[in-house]
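Number 151 in UniProt numbering belongs to position 151 of the sequence shown; there are no gaps in the numbering.
Cβ atoms here follow ideal geometry from the backbone N, Cα and C, with glycine treated the same way.
Predicted model only: the values in this text are computed from it and were never measured.
These notes concern the structure reproduced below.
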Amino acid sequence: MNRLSVDDALNLLHNTDLNELGRLAFAKKQELHPQKITTFIVDRNINYTNACFIDCKFCAFYRHVNDDDAYVLTYDQIDKKIEELIAIGGTQILFQGGVHPKLKIEWYEDLVEHIAKKYPMIDIHGFSAVEIDYIAKISKISTLEVLKRLKAKGLYSIPGAGAEVLSDRVRDIVAPKKCSSQKWLDIHKEAHSIG
């Protein structure tokens with residue numbers, strides 16, 4: 001398969017409207033994978049907290065836990081967001097947030113269980129490897145145990161978030177409190193190992 005050249009990509013970017021770009025992309029997909037089904041989902045990101053101690057240099061979202069505008073969403077607030085998603089035919093939520101310095105595994109288990117029981121039609125996709133790493137540390141358990149416990153409560157899958165930079169040299173400059181690249185990879189391997 002020949003990759004798109006830089007010149008062709010720039011030409012498409014500057015000279016092709018969105019509908020035509022979609023048509024061309026679908027034609028290429030059909031050429032490469034004529035028998036495969038293409039699907040999509042309607043989902044919603046829910047940022048359950050903006051409190052974070054990681055202090056990434058590129059993040060404008062986080063607040064320190066004691067800042068006036070730091071928050072942790074209540075179940076009622078989360079439920080409202082899920083109900084809005086269901087009303088438009090959505091089937092999945094993406095949970096992510098800051099790395100809250102005080103929330104332990106039990107808080108996450110209770111949250112996932114609440115959603116899984118109240119909204120069994122919704123897939124719960126959530127918690128970055130960076131969040132999972134910290135949940136393990138503050139709860140004094142392994143990352144594998146975090147994954148197993150959250151899966152048992154209804155977590156369906158985890159996102160690839162937190163991998164903005166998998167070069168530890170750069171990571172140490174822009175986000176030195178995040179887990180290492182290797183730890184990020186290890187957590188994803190653990191998640192795959194439990195299905």
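Please state the DSSP three-state secondary structure of residue 62.
coil
Between residue 32 and residue 55, what straight-line distance do the alpha-carbon atoms span, to the nearest angstrom?
42 Å
Taking only the alpha-carbon atoms, compute the straight-line gap between residue 78 and residue 188 and give it to the nearest angstrom.
One Cα belongs to residue 78, the other to residue 188, and the distance between them is close to 26 Å.
Beta-carbon separation of residue 122 and residue 93 under 8 Å?
yes
Might you give, ordered along the chain, the residues of its own chain that have their beta carbon closer than 7 Å to the beta carbon of residue 41, omitting 5 neighbours on each side?
91, 92
Give a yes or no on whether the C-beta atoms belonging to residue 105 and residue 171 are separated by under 8 Å.
no
Just list the alpha helix (DSSP H) runs in the region 119-154, keeping only unbroken ones of 4 residues or longer that don't cross its boundaries, in chain order.
129-139, 143-153
If you measure between the beta carbons of residue 142 and residue 136, is that distance less than 8 Å?
yes
Is it the case that the region 52-68 contacts the region 10-27, given that we only count it when at least three CB pairs across the two stretches are under 8 Å?
no
Check this for me: beta carbons of residue 96 and residue 50, under 8 Å apart or not?
no
So, does the CB of residue 3 fall closer than 8 Å to a CB anywhere in chain D?
In summary, chain D is missing from the structure at hand, where a single protein chain is found.
Check the C-beta distance from residue 99 over to residue 134 and give it rounded, since I have them as a contact under 8 Å.
5 Å
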